[in-house]
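Numbering (this note's numbering), first residue to last: 883 to 946.
What follows is the structure in structure tokens.
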């Protein structure tokens, strides 16, 4: 059985990703998503986890 990630799991993953990229202050100050390459890494992986937490199709996840 595959467990859905919790919001805290996603928050921790975001913090780890930003810390590893050394852009924590930029992401925090600008409230921006930082998109990096790969389909199951970085922000793309986190967006997938967010979609699993709340899979409601009436609430799209917008990326710029």
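Every residue, glycine too, gets a C-beta built ideally from N, C-alpha and C.
Contact check, residue 925 vs residue 892, beta carbons under 8 Å
no
Output the distance between the C-alpha atoms of residue 897 and residue 886, rounded to the nearest integer angstrom.
19 Å
For the candidate residues 890, 928, 889, whose alpha-carbon lies nearest to that of residue 899?
928
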